[in-house]
Structure formats: C-alpha cells, structure tokens
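Student:
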Amino acid sequence: MLNNKVILITGGTGSFGKKCTEIILKRYRPKKLIIFSRDELKQFEMSQIFSEQQYPCMRYFIGDVRDKERLYRAFRGVDYVIHAAALKQVPAAEYNPFEAVRTNIIGAQNVINVAIDTGVKRVIALSTDKAANPINLYGATKLCSDKLFIAGNSYVGRDETCFSVVRYGNVVGSRGSVIPFFLKKKEEGVLPVTDPRMTRFWITLEQGVDFVLKSLERMVGGEIFIPKLPSMNIMDLVKAICPKCKTKIVGIRPGEKLHEVMIPKDEARHTVEFKDYYVIKPAFPYFTRRFKGNGCTSVPNDFEYSSDKNTWWLSVEELRSIVSGL
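In the numbering used here, the protein residues as written are 100 to 425.
What follows is the structure in structure tokens.
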C-alpha cells in the first residue's frame, strides 16, 4: 500500500515516528517519507540514522502543526499523513494548559483543514487511552482531537480525504514510560510506586506501529481503532525489574488514573469486535454506509474495555522477558 506513495509523519522525530520510519523503510519503497517536526536537533540526530544519502526517499521538514501556512507547504503532493504530533506529558499539560490546546486541538484542526485542501487521501491520528473518560487536560485535548478527526469526514464534501483514529495505551520503554524510570531507580534499591493496585495496558513500540499501519490500510473514515492488548499490574512489573528492591508508595499523581479505559461503557453501543481489535464506529448515522464490518460482532451494551477487567494478563516472567529485550 505504501509503495511509491508520499507519506508524512507529524511529530516524526518522537519515539513512534522513528520506529515507524524504520519499519516503513524496511517493508516498503515509498516515493517520499517526510518527517515533519519542530525540533531541528532531533531532526539532525534522526538524519544521521536515516540519511537522505542512504535513503533517497527521506525528507526532513521543520515545522509546527500550529502553523497552518507551513502545513500547506508540507502537505503538497502527500498521499498519507500519520499524525503523531502532540504535547503528551500530563504534568506539563496541567501547568501549561493552553499550550496543550494549541498543539493538540488547534493543531489537529489545522491538519484536518490542510489535508482536505491539499488532497491528502488518508489521515490517521494517534490517540491515547487518556482520551476515554478524561480526567486530565491532556486526555481532554486528545478527546477533542479525536472528535475533530472523526467529524472531519463530514465536511470533506466530494474530495477523497478520509480521517480515522488509533487509540492504544502505554508504550513499553518509550520516553516518559515507567520502565526507564524504574531501571534508573533500581540502582538506588528503592522503586517509587504510585499505588500497588494500579494496572495498565501494555504494547511495544513495534506493535503500535504495526497496528497504525494496518489501520491506515483498512480505514474507510470515521473509525476509532483499538487493539486487543494484555494488562499488567504495577507490582508485577516491580518484581520483574528488581524483585529485591524495596518499594515506596508515593500516591497517584494529579490527573493520573488507577486503571486505564480504552472503550468506556457509553461507547459500547457503537463498538464492534474483530479477532484482534475493536472499532468504535462513528455515531453519525450518515457514516454507517461507509463502515464495512465484515467478520465482526457487536459487543454487549454494558461492555467496557479497561485494564483492570481485562482477561489477558502478563505474568512476571513475561514482563521480565519484555524488559530484558529493551
């Protein structure tokens, strides 16, 4: 699907963007692969790994999704956009709320408008579990972003652009995740734990990229794709990383949840289940004809996909194997 196509990744110098670039270059032969981000140092460092000399399809484009004019220049001739740019740190978003709004909401609307105007065929946006029943500003901005991308399909008109969203949970080993933090604290012999009851969904960076690329291929516009993932308990992770370490209970941080929810009960009536993923269909009736639910079944009306009620759990041994592979 991506062979001889022009692909642009917003926020392309982040953990996801770098892994996505690696996988696309390994599996496909794109006409161009454009890395769009605002950090020139990260672009320089990434270009040392994926150079234009070694990979002639690579392009590095400095810009910000807040800047609509720059997006117009970047999106010309682009077939597919993977929208990964966002302000993601919960405490930073709480302290700098309108900065998160400008990037995560206004930036999303800019991407939508410019994609339609420049004839981009498909846009898939990365979301987060925190957008489901949000309790912090980051989650609220991503919920708003999700709504914007889904609604974007309704004012495309006769143009071909379609928009969909991918939602998943914590990425193992990504910047800001708990594993690098625990590995650092391991040397001190004490691991700070927010709450021993805490559970999380778990996905590797490569699995996340795979799911996004598969969703990009199967999307028809208006869906929210959610992968089926295993859950883990924070105390099992402690045992996997350092069973001899002591733990210090520090309490849940502001804006943090005890358990993750990726499909709230209120969305169950719009949700269908496939073998290895779920789809939340758009609520607008005129989207129904777009959605082809072959091979799927509707979930029960009281269904909720949350990390504490999951039926698939990672053992201490499985977690230890994942950690050792990072």
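We put the CB at the ideal spot given by N, CA and C, even for glycine.
Enumerate, from N- to C-terminal direction, the unbroken beta strand (DSSP E) stretches of 3 or more residues contained entirely within the segment 324-371.
Tutor: DSSP runs (the beta strand (DSSP E)) wholly in the segment 324-371: 330-332, 345-348, 360-362.
Student: Could you say if the segment 301-309 and the segment 112-126 meet the contact criterion of at least three C-beta pairs nearer than 8 Å?
Tutor: yes
Student: How is residue 171 classed by DSSP in three states: helix, strand or coil?
Tutor: On the sequence shown, residue 171 is found 72 positions in, with the first residue counted as 1. Here residue 171 sits in helix by DSSP.
Student: Is the segment 188-199 touching the segment 152-162, taking contact as three or more C-beta pairs under 8 Å?
Tutor: The segment 188-199 vs the segment 152-162: no contact.
Student: Below 7 Å CB to CB, which residues in the same chain sit around residue 55 once its five sequence neighbours on both sides are set aside?
Tutor: Residue 55 lies beyond the range of the chain shown here (100 to 425); nothing can be said about it.
Student: For residue 321, is the classification buried or exposed, using 16 other Cβ atoms within 10 angstroms of its Cβ as the cut-off for buried?
Tutor: On the sequence shown, position 222 is the one that residue 321 refers to. Buried is the call here.
Student: If we ignore side chains and look at the alpha-carbon of each, how far apart do residue 212 and residue 288 end up?
Tutor: If you number the sequence shown from 1, residue 212 lands on position 113. If you number the sequence shown from 1, residue 288 lands on position 189. Going from the Cα of residue 212 to the Cα of residue 288 covers about 51 Å.
Student: Using the three-state DSSP reduction, which class does residue 267 fall into: helix, strand or coil?
Tutor: As a first step, residue 267 must be located in the sequence shown, where it is residue number 168. Residue state, collapsed to three classes: coil.
Student: Check whether the segment 288-298 and the segment 249-261 touch, using three or more Cβ-Cβ pairs below 8 Å as the test.
Tutor: no
Student: How is the alpha helix (DSSP H) around residue 196 delimited, first residue to last?
Tutor: Locating residue 196 in the sequence shown gives position 97, where the first residue counts as 1. Per DSSP, residue 196 belongs to the alpha helix (DSSP H) from 196-200.
Student: For residue 405, count neighbouring C-beta atoms within 10 Å of its own C-beta (all shown protein chains included) and say buried if the count is 16 or more, exposed if not.
Tutor: Locating residue 405 in the sequence shown gives position 306, where the first residue counts as 1. Answer is buried; the Cβ neighbour count reaches 16.
Student: Nearest CA to the CA of residue 356: which residue from 108, 232, 141?
Tutor: Working through the sequence shown from its first residue, we reach residue 356 at position 257. Checking every option, the nearest Cα to that of residue 356 belongs to 232.
Student: So is residue 100 buried or exposed if we call it buried at 16+ other beta carbons inside 10 Å?
Tutor: Translated into the one-based positions of the sequence shown, residue 100 becomes position 1. Counting C-beta atoms within 10 angstroms of its own C-beta, residue 100 has fewer than 16 neighbours from the protein chains shown and is therefore classed as exposed.
Student: If you count every other CB in all the chains shown that lies within 10 Å of the CB of residue 238, and 16 or more means buried, which is it?
Tutor: Translated into positions along the sequence shown, residue 238 becomes position 139. It counts as buried.
Student: Quick one: grab the DSSP three-state call for residue 190.
Tutor: Here the question's residue 190 lines up with position 91 in the sequence shown. Residue 190 falls in the helix class under three-state DSSP.
Student: Figure out for me which residue from 125, 228, 109 has the closest Cα to the Cα of residue 169.
Tutor: Numbered from its first residue, the sequence shown carries residue 169 at position 70. Out of 125, 228, 109, 109 has the C-alpha closest to the C-alpha of residue 169.
Student: Do residue 180 and residue 214 have their C-beta atoms within less than 8 Å of each other?
Tutor: Looking up residue 180 in the sequence shown gives position 81. Looking up residue 214 in the sequence shown gives position 115. Their beta carbons are under 8 Å apart, which means residue 180 touches residue 214 by this criterion.
Student: Residues in the same chain with beta-carbon distance under 7 Å from residue 332, minus the five sequence neighbours each way, listed in chain order, please.
Tutor: The residue labelled residue 332 in the question sits at position 233 within the sequence shown. Once the five neighbours on either side are set aside, the close Cβ partners of residue 332 are 298.
Student: Measure the alpha-carbon distance for residue 186 versus residue 327 and round it to whole angstroms.
Tutor: For the purposes of this step, residue 186 is taken as residue 87 along the sequence shown, with counting starting at 1. For the purposes of this step, residue 327 is taken as residue 228 along the sequence shown, with counting starting at 1. If you take the alpha carbons of residue 186 and residue 327, they lie about 25 Å apart.
Student: Where does residue 399 fall in DSSP's three states?
Tutor: In the sequence shown, residue 399 corresponds to position 300, counting from 1. If DSSP states are grouped into helix, strand and coil, residue 399 belongs with coil.
Student: Residues bridged to residue 159 by DSSP?
Tutor: The sequence position of residue 159 within the sequence shown is 60, counting from 1. Bridge partners of residue 159: 134.
Student: Helix, strand or coil, according to DSSP, for residue 114 in the structure here?
Tutor: Locating residue 114 in the sequence shown gives position 15, where the first residue counts as 1. Note: residue 114 maps to helix in three-state DSSP.
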